[in-house]
Amino acid sequence: MSKRTGINQADISRLENGTRNPTVSLLKRLAEGMRMELRIQFISKNNISG
């Protein structure tokens with residue numbers, strides 16, 4: 011993962027164990043490394059059933 015994203019292994023580990031909060035830029039790099047699309051959405055609470 012580190013090679014595909016350009017993010018060092020220590021930072022990936024910190025993300026995985028919750029000791030680092032990712033930036034949007036970092037999330038984009040992770041998504042690209044996993045060949046995925048990053049989507050960030052605001053969804054109205056009124057449209058969520060529960």
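So the number in the numbering used here is just where the residue sits in the sequence shown, counting from 1, plus 10.
The beta carbon of each residue, even a glycine, is placed where N, CA and C say it ideally should be.
All figures in this text were calculated on a predicted structure; none of them were measured in a lab.
Using a Cβ distance threshold of 8 Å, R39 and T15 count as a contacting pair. The C-alpha of Q19 is placed about 9 Å away from the C-alpha of K13. In the structure shown, the three-state DSSP call for E47 is coil.
Annotation for N27: the continuous alpha helix (DSSP H) segment containing it runs Q19 to N27.
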